[in-house]
Amino acid sequence: MKKLIACVLTLVLAVSAVGAMAEGLTFSWWGGDARHEATQAAVAAFTEATGVTVENTYSAWSGWEDKMSQYFASDSAFDVNQVNWNWLFSFVDGEGKSKMYDLNQVADIIDLTQFADAALAQCTVNGELLAIPVSMTGRIFYWNETTWQKAGLETPKTLAELMAAGQIFAEKLGDEYYPLALGTYDKMILMVHYLECKYGTDWVTDNKLNYTVEQIAEGVQFIQDLEDAHVIPSAETLIGDGADSLDKNPKWMDGVYAGIWEWDSSASKFGAALSDGQNFVVGEYFTDIGEFQGGFTKVSLALCIANSAADKQTAAQLIEFLLNSDEGARLMNSQRGIPLSAKANALCQTEGLLDPMVAEANGKVIAWCKNGLDPQFEAAALKNSDGVYADAFDGLSYGDYDVEEAAEVLVEGINEVLGA
Amino acid sequence: MTNGSSAVRSDLRKKRRFSKLEQGYMGFILILPWLIGFCIFKLYPFISSLIYSFTDYDLFKGAQNFVGFENYIDAFTKSKNVKALQVTFAYAFMTVPLKLIFALFIAYILNFKIKGVGLFRTAYYVPSILGGSVAIAVLWRALFKSDGVINTILAMLGFDSINFLADRSWALFIICLLRVWQFGSAMVLFLAALKGVPEDLYEAASIDGASKSRQFLSITIPIISPVIFYNLVTQLVQAFQEFNGPYIITNGGPRNATTLISLIVYNSAFKDYKVGLSSAMAWVMFVITTIFTIIAFASQKKWVYYSDDDGRG
Amino acid sequence: MSKIGIMFLVLSIVLLGLGFYGGSVQMPEATAAEAAQPGAAAMHLAQYSNFYLLLGGVILFTVLYFTIHKRVGLKTQHLMSTTVRYIILIVVGVFMVYPLLWMVSATFKDNNEIFSTLNLIPARPTMEGYKLAMTNYGGDINIWSAMLNTYKYVIPRVIFTVISSTITAYGFGRFRFRGRNALFALLMATLFLPQVVLNIPQFLMYRNFGWVDSPLYLAMIVPSLFAQETYFVYMLIQFMRNIPRELDEAAKIDGCNIMQTLVLVLVPMLWPAMVSAGLFQFMWSSNDFMGPLLYVNSPSRYPATLFVRMSMDADTGFAWNRVMAVSLISIMPSLIVFFLAQSQFMDGVTAGAVKG
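Chains as they are written, first to last, in the numbering used here: chain D, 1445 to 1864; chain X, 501 to 813; chain R, 63 to 418.
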């Protein structure tokens, strides 16, 4: 018996050791099916070109952040990782050292000149370039034109039109129909957009919130007005639909909800989700909110090398291939938004590989949005389904908070995260 | 070579003594794998989590400052945590009685000679095998969403549709319902126990003029009380640890109405990175579960009748 | 008839009357301005007519049952109670089984039909759900390889659990040694130890061992080598109590050593319990979600539970028939095993709890 146990344990340890010595790279990302296919093709091309094997790990966004936190925290992340922008600021160990490798060290392998300085600056923390930004993204309206036409309306160009549409939808199409659907995070971003259009200042600068409680209350009131005017469904209605996200919600797919406020880099899956015969179009920014062109752009996602990677040089080669090489650019095209890499961008444009809707939306976003974004905006404590944003907006919609209270909840929560 | 009786007796005595010694070590060796496993996989993590609960262990930053009881104070004062405790209690004290009552009721009805007992037993038991599987949680969401099957049935009866997933009280109710639907495992136990009650007791009682309900209360319940006790304790312990249902069906919503302690433990560790707080909450849950288990065990003397005397389940 | 009986009888007749009246009220058309508008009360009755009919019917039935039951002979009484038992069993049975039947029928419907009717038989049966369920996600994983992955760790786990639990139960059940009682108490205590307390330290520990995302699913299998599933050890000990010790002694006299006694004498008698333990562990491991959630990363290694969750997110849109098909396929093996081995299941469940 003892011998048996000893044998088994040795065998187990041996196999683990062998597993740890495997060659090649590991690469992780999240996305939808189309992105998976494109990325795998690109990685396969890399393997063909260099002979280095790459093991892929990928999944949908849901639950992915938790997983990646675990792995980065325990220094067992993959060699190359697609990261969300806020991870650059939270995946830091006790001494303040990042879990990601400083890519300035491999500037000889990755052609950093292809990327605008401003974009690289967003990914630089404490002088270290922690990741290469893949694309910039911002939020913009998208409309289901078919439903709007059924209600006898054009897609809205001004806020006034949107507000009026609420009642018209209810009368012409039925109580179930709404011109726009917003999840809690969508509400937060739209509110910030609204306030920045009115007042112009960035949301947070140098870890300080630039807006007073009164101003924020105005923003919250705006969101409440949307709900009161039957423009957006209540939180209760949305939760009752039983869908994890709007693109999985049958009411979006069948055109009962006729609009979303989404990142230009990930909106295509919403369009793809629509059932047949519906027209998905990019919307306009409203000029009648305020004098400023409010709204922020952020790095949509980036590629990094984990500090725990064994072979950082080869990992850098993979990133260079995916983002800057001709073949990589061709295969990855606009699956992650419009590429920031000048080479990739030019190539995709010449060969017409960019998804026209993504290009249109991204163009509008870049042209319009003037504000910056602070890294703590997407902190877990704020953005999670049990976080501050959800508490404030769901509480507002459920009637637990009135407008002032919701604003205070926001301010308190945000200050706590900023101060920490 | 004479095998005189004394020689035989001393031989036997030697053998017995020897076998006692042998027994002394052999038993221990047999359970050694378990003991080793216990120390590595249960004891060490158990103590680690206790230690973490007194630090500000962060998933990224590692430890480590000892913060004393701060995490525990948070566990009992931060509204989110207190709410989770309340919700967990509400959940446990709704689910367990309902489940046991249903199980006993059905077992009682099933306990007579009919054809097809096996078929019914199977039908009632199948839901419990599927357990907390993802597939069933997904099914539950499909049933209870605002245009789901249950609301269609309600509409047929004339009721307005109920927004189960978004209404705070109903959301917890459907999580309970998922577990109550799985009463089959408890029912099977009750059925076996009911079969073990001797028929003549009932006959004697009938002759004495006792009504059916009187018989049930005075004969059936006391005799099957060990099984009731076992079910009560195991179901209660399970209820306090519930995770899959709330995680997949409602993700703790709406407005934290279905956030049980187990969800807080998971979220604070993997979403907020606060392993210290997470461990403290886990320990709070453990202590609560133990308290209730001890209360249950202590109350045994009052209402549980065992057919033999050693008093152990 | 007793006063209470008369009261309920009247109540049921009233409810039925209201139900019938409500059913006959014409709901006003939106455009028919000339049609007589029924009053608010009548509107209420019209809406809830079905409910009142149902409620009235049930109460009437109960009253009649109890009234008649008292007045008839023993044989008829018996017949009546049997019928009522059947009715209750069938009604409750329907509630138990309907969700599953609905799930099966949903896999054969197309998406529009799923939520529009309650029928169990699809009006337009289609294999669309299953076709979509066969999707290969990124060429790495589909439902079949996910199922295979599940059994890559379920089967070793079952085998190891049964073997190690039997050995441990043997040690506790048949031997006396110093500290036995204390260790047994420890064993019982772990029965009530919530797994949640252990999750994170275990995760950190397994990560140090390098077992996370191991191709051999080490984090899932190794603990079962060490009899860490207390429930089964407990069940086997209970079962063993019913095997007379004389058999052990007889075996010893025949010259068996400890292990031979176990294998040749006890195991054959313990076999039903061991099989039950194996079956239970099979079920529980197949349904395990938290374990793979923490310890399996690569999609190519995803077991069925993670696959079901992933398939909900991965595709564009959301096809309920596909989701139901994937879910159904993932629980099929458990169902099949259960149906083939029902009696062992039931025996196993009762062995641990019911004495004598």
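From the three backbone atoms N, C-alpha and C, an ideal C-beta is built for every residue, glycine too.
Rounded to the nearest angstrom, how far is the Cβ of residue i from that of residue j, given a contact under 8 angstroms?
| i | j | result |
| --- | --- | --- |
| residue 685 of chain X | residue 628 of chain X | 4 angstroms |
| residue 1527 of chain D | residue 1604 of chain D | About 40 angstroms separates the two Cβ atoms, so there is no contact after all. |
| residue 188 of chain R | residue 214 of chain R | Wrong, their Cβ atoms sit about 33 angstroms apart, outside the cutoff. |
| residue 1747 of chain D | residue 1524 of chain D | 6 angstroms |
| residue 697 of chain X | residue 720 of chain X | 6 angstroms |
| residue 249 of chain R | residue 234 of chain R | 7 angstroms |
| residue 784 of chain X | residue 575 of chain X | 5 angstroms |
| residue 580 of chain X | residue 731 of chain X | That belief does not hold up - the Cβ atoms of residue 580 of chain X and residue 731 of chain X are roughly 32 angstroms apart, past 8 angstroms. |
| residue 1607 of chain D | residue 1661 of chain D | The pair is not a contact, with the Cβ atoms about 19 angstroms apart (cut-off 8 angstroms). |
| residue 1785 of chain D | residue 1798 of chain D | Their Cβ separation, rounded to whole angstroms, is 13 angstroms, which puts residue 1785 of chain D and residue 1798 of chain D out of contact at 8 angstroms. |
At 7 angstroms on the CB atoms, spell out the chain D contacts of residue i, in chain order.
| i | result |
| --- | --- |
| residue 641 of chain X | 1686 |
Out of the options, state which residue places its alpha-carbon closest to the alpha-carbon of residue i.
| i | options | result |
| --- | --- | --- |
| residue 1501 of chain D | D/1517, D/1479 and D/1493 | D/1479 |
| residue 352 of chain R | X/747, X/663, X/590 and X/771 | X/747 |
| residue 1796 of chain D | D/1810, D/1778 and D/1813 | D/1778 |
| residue 736 of chain X | X/588, X/547 and X/538 | X/588 |
| residue 370 of chain R | R/207, R/300 and R/325 | R/207 |
| residue 1571 of chain D | D/1521, D/1557 and D/1545 | D/1545 |
| residue 268 of chain R | X/622, X/531 and X/541 | X/541 |
| residue 533 of chain X | R/222, R/79, R/257 and R/357 | R/222 |
| residue 1645 of chain D | D/1670, D/1684, D/1738 and D/1581 | D/1738 |
| residue 616 of chain X | R/83, R/120, R/196 and R/151 | R/151 |
| residue 1702 of chain D | D/1652, D/1613 and D/1793 | D/1613 |
| residue 121 of chain R | R/131, R/70 and R/328 | R/70 |
| residue 680 of chain X | X/631, X/704 and X/717 | X/631 |
Check the Cβ of residue i against every Cβ in chain R and list those closer than 9 angstroms, keeping chain order.
| i | result |
| --- | --- |
| residue 1513 of chain D | Under the 9 angstroms cutoff, chain R gives no residues; its nearest Cβ is about 12 angstroms from residue 1513 of chain D. |
| residue 741 of chain X | 256, 257 and 258 |
Residue i touches chain R at which residues, Cβ-Cβ below 8 angstroms?
| i | result |
| --- | --- |
| residue 542 of chain X | 252, 255, 260 and 290 |
| residue 1600 of chain D | By Cβ distance, chain R contributes nothing, its closest Cβ being about 25 angstroms from residue 1600 of chain D, past 8 angstroms. |
Where do the ends of the beta strand (DSSP E) carrying residue i lie?
| i | result |
| --- | --- |
| residue 1581 of chain D | 1576-1588 |
| residue 1746 of chain D | 1741-1749 |
| residue 1705 of chain D | 1703-1707 |
| residue 1501 of chain D | 1498-1503 |
| residue 1525 of chain D | 1524-1527 |
| residue 1725 of chain D | 1724-1726 |
Using a C-beta to C-beta distance shorter than 8 angstroms, which residues of chain X count as neighbours of residue i?
| i | result |
| --- | --- |
| residue 230 of chain R | 530, 531, 533 and 534 |
| residue 1824 of chain D | 771, 772 and 773 |
| residue 144 of chain R | 612 and 614 |
What does residue i touch in chain D if you count any residue whose Cβ is under 8 angstroms from its own?
| i | result |
| --- | --- |
| residue 269 of chain R | 1518 and 1520 |
| residue 560 of chain X | 1513, 1516, 1517, 1534, 1535, 1536, 1537, 1538 and 1543 |
Starting from residue i, follow the alpha helix (DSSP H) in both directions and report where the run begins and ends.
| i | result |
| --- | --- |
| residue 1469 of chain D | Taken as a continuous stretch (DSSP letters only), residue 1469 of chain D belongs to no alpha helix (DSSP H), being part of the beta strand (DSSP E) at 1469-1474. |
| residue 735 of chain X | 721-740 |
| residue 261 of chain R | 257-271 |
| residue 614 of chain X | Premise fails: residue 614 of chain X is in no alpha helix (DSSP H) and is neither H nor E. |
| residue 131 of chain R | 102-133 |
Which chain R residues sit within Cβ distance under 7 angstroms of residue i?
| i | result |
| --- | --- |
| residue 1501 of chain D | 359, 360 and 361 |
| residue 620 of chain X | 151 and 155 |
In chain D, which residues lie less than 9 angstroms from residue i when you measure between Cβ atoms?
| i | result |
| --- | --- |
| residue 332 of chain R | Chain D residues near residue 332 of chain R: none, gap ~18 angstroms exceeds 9 angstroms. |
| residue 585 of chain X | Chain D residues near residue 585 of chain X: none, gap ~15 angstroms exceeds 9 angstroms. |
For residue i, is the beta carbon positioned less than 7 angstroms from some heavy atom of the ligand GTP?
| i | result |
| --- | --- |
| residue 1709 of chain D | With respect to small molecules bound, the structure shown includes none, and the ligand GTP cannot be examined in it. |
Problem set entry | Interface residues of the segment 1653-1677 of chain D facing chain X [CB-CB below 9 angstroms] | none
Problem set entry | Interface positions of the segment 1524-1545 of chain D facing chain X (Cβ-Cβ less than 8 angstroms), listed along the chain | 1534, 1535, 1536, 1537, 1538 and 1543
For this session: Could you please tell me which residues of the segment 341-370 of chain R, in chain order, have their CB closer than 7 angstroms to any CB of chain D?
Result: 359, 360 and 361
Exercise. Listed from N- to C-terminal order along the chain, which residues in the segment 757-789 of chain X have their beta-carbon within a distance smaller than 8 angstroms of any beta-carbon of chain D?
Worked result: 759, 767, 770, 771, 772 and 773
Exercise. If contact means a Cβ-Cβ distance below 9 angstroms, which residues of the segment 642-658 of chain X contact chain D?
Worked result: 642, 644, 645, 646, 647 and 648
Problem set entry | Near-chain R residues of the segment 1688-1715 of chain D (beta-carbon distance less than 8 angstroms), N- to C-terminal order | 1688, 1691, 1692, 1693, 1694, 1697 and 1713
Exercise. At a Cβ cut of 9 angstroms, what residues of the segment 713-743 of chain X count as close to chain R, listed as they run along the chain?
Worked result: 724, 726, 727, 730, 731, 733, 734, 737, 740, 741 and 743
For this session: Mind checking the segment 1813-1839 of chain D against chain X and listing, in chain order, the residues whose C-beta falls within less than 9 angstroms of any C-beta there?
Result: 1824, 1825, 1828, 1829, 1830, 1831, 1834, 1835, 1838 and 1839
For this session: Give the residues from the segment 664-683 of chain X that approach chain A closer than 7 angstroms (Cβ to any Cβ), ordered along the chain.
Result: Absent from the structure is chain A; the protein chains it does hold are D, X and R.
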